[in-house]
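One point on numbering: in this note's numbering, the residue at position 18 of the sequence shown is 18, and numbering is uninterrupted.
For every residue, glycine included, the Cβ atom is placed at its ideal position computed from N, Cα and C.
The structure displayed is predicted, hence computed values, not measured ones.
For reference, the structure is listed below as structure tokens.
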Amino acid sequence: MGKLKLAVGVAGALVACVASLSALAAENIRIGLIEPLSGPIAAVGSEALDNFNHAADRVNKRGGVLGGRKLEIIGLDNAMKAEKTTEQLKKAVDMGLSYVIQGVGSNHALNIIKFLDKHNKRHPGKEIVFLNHSAVTTAFTNELCSFWHFRFDANVDMKVAALVTQISRDPSVEKLYLLNQNYAYGKSFQAAANKLLKQRASNVELVGDELIVPFGKVLDFTPYIAKIKASGADTVLTGNWGPDLHRFVKGAVDSGLGATFYTVYGGIPSSISGYGDAGKKVNLKQVTEMHENQNGLPEDLRDYMKSYIEAYESTWYPDRYRWLIGMLAAAIDAAGTADPIPVAGKLEGMTFPGPLGEVQMRADDHQTQMPLVVSTLTSDVPKHLIYKGKDFGIGFKTDGVVTRADTTLPTSCQMDRPS
């Protein structure tokens, strides 16, 4: 009788153990996406949520990670307010999340970096890793670098390096005007442009340099456009995004400015919906990791882009979102666990097939290195930009590719690593 009880007890324990392991295998790996899902910048945040849901779905359809665990994106609305970002970080902690993604607004990214540096030091075993998709202030991978922060986008200096390299190839550019947003990212863009124009396009005359109040506060760009006209600039170089770009472009067309716009974020589908054909009228250019008419894109990426249009009726724009999720999934599998410290270790130095060639997460500063392409908005393209089912009749055409060697810049990062 005693032996029977023992056998039943052992069997019960084994069943419980198997059930526990099965539950663990089935448990989703939840990833918080902290972005503006309400307010004046909500279109950008909502688009990011769609992008990351699609990227995670593609991984999940291939079997997920760790033998069947799914990736799940949790939208956390910060309404583009600093205090809301802090609230959502605390919520991520309470939810037991190990990963948060963010990228809309470098001031919010800095908030996250500082919060996690403190949290992870005070709460060993409950660490959270920050996966940065678009907050590009260069300092985040220089003097403000953190082991807990990984950037999958090119930083400001890299983007400006690519734009200025292409400007140096463009004989029509003689006089240039800088107009940017007055916060961390815009100031970083301004500093990089001043430095790199001297280094890579010394023949171009800088005739104006101005900062504006950011995040949709400027409703009328007429006074700024009047200054640009008076300066004689034939080209505008701007890092503006969202309403600060929509209104600037529309104002330039309405005022008959006639200058070419070199931009970082001019091709975001929600931005195209904001100014449409006006973008073509300012000969709008963008710098990205790829675009919809790029020659030589890998077949699996073309299939990915097609599946996104089918699912969301919008053009796939930010390929870095795809490789952020792809690299995270690969790092989790390589680590054999979803625990953030070993996964972070596997992300360091990782390579991934990008649209224009291999991209690599540089271990020294957690800055992804990549080639970039500069392209112009035009109607003379086979594939048009589509946003929420609307075909705008325009798309991007390559001006020039800037190699990874030409976008790779030194870092001053001195990283403290967990012991």
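Cβ contact annotation for L347 (same chain, cutoff 7 Å, sequence separation greater than five): F150, M327, A331, M361, in chain order. The shortest C-alpha to C-alpha distance from P355 to any of M370, D157, I212, A259 is the one to M370. The Cβ-Cβ distance between V218 and A192 does not fall below 9 Å. In this structure, the CA atom of L71 is about 22 Å from the CA atom of G349. The residues E205, V207, G232, A233, D234, in chain order, have a CB closer than 6 Å to that of K175 in the same chain once the five nearest residues on each side in sequence are set aside. Secondary-structure assignment with DSSP links N180 through a beta bridge to L211. Taking a cut-off of 8 Å on C-beta distances, the segment 126-144 touches the segment 309-328, as three or more cross pairs fall below it. As summarised for the segment 340-405, the continuous alpha helix (DSSP H) elements at least 4 residues long and confined to that stretch are 340-347, given in chain order. Out of D254, A55, I41, Y185, the CA that lies nearest to the CA of G279 is found in D254. DSSP lists L71 as the bridge partner or partners of I29. Contact between A48 and E35 holds, with the beta-carbon distance rounding to 5 Å and staying under 8 Å. In the three-state reduction of the DSSP assignment, E299 falls in the helix class. If you draw a straight line from the Cα of F392 to the Cα of T378, it comes to about 11 Å. Pairing F189 with V264 gives a Cβ-Cβ distance under 9 Å.
Per DSSP, the beta-bridge partners of I101 are L33, L131. In the three-state DSSP reduction, Q414 falls in the coil class, being neither helix nor strand.
Nearest Cα to L116 within the set S134, G105, R322, L144: L144. Rounded to the nearest angstrom, the Cβ distance from A252 to V213 is 18 Å, too far for a contact under 8 Å. Sixteen is the threshold: since fewer than 16 other Cβ atoms of the shown chains lie within 10 Å of the Cβ of K90, the residue is exposed. DSSP places K159 within a helical segment (H, G or I) once states are collapsed to three.
The beta-carbon distance between V401 and V373, rounded to whole angstroms, is 5 Å. This is short enough to meet the 8 Å contact definition. Beyond the five residues adjoining it in sequence on each side, A259 comes within less than 8 Å, by CB distance, of Y177, I228, A233, D234, T235, V236, A252, V282 in the same chain, given in chain order. Contact check for K383 against E292 passes: the beta carbons are separated by less than 9 Å. Partner residues in the beta bridge of L237, as assigned by DSSP, are L178, Y262. In terms of Cα proximity to N78, the closest of L37, V100, A109, I112 is L37. Cβ-Cβ distances below 6 Å link M80 to P36, G39, I41 in the same chain, with the five nearest sequence neighbours on each side left out; the list follows chain order. When secondary structure is reduced to three states using DSSP, E143 falls in the coil class, being assigned neither helix nor strand.
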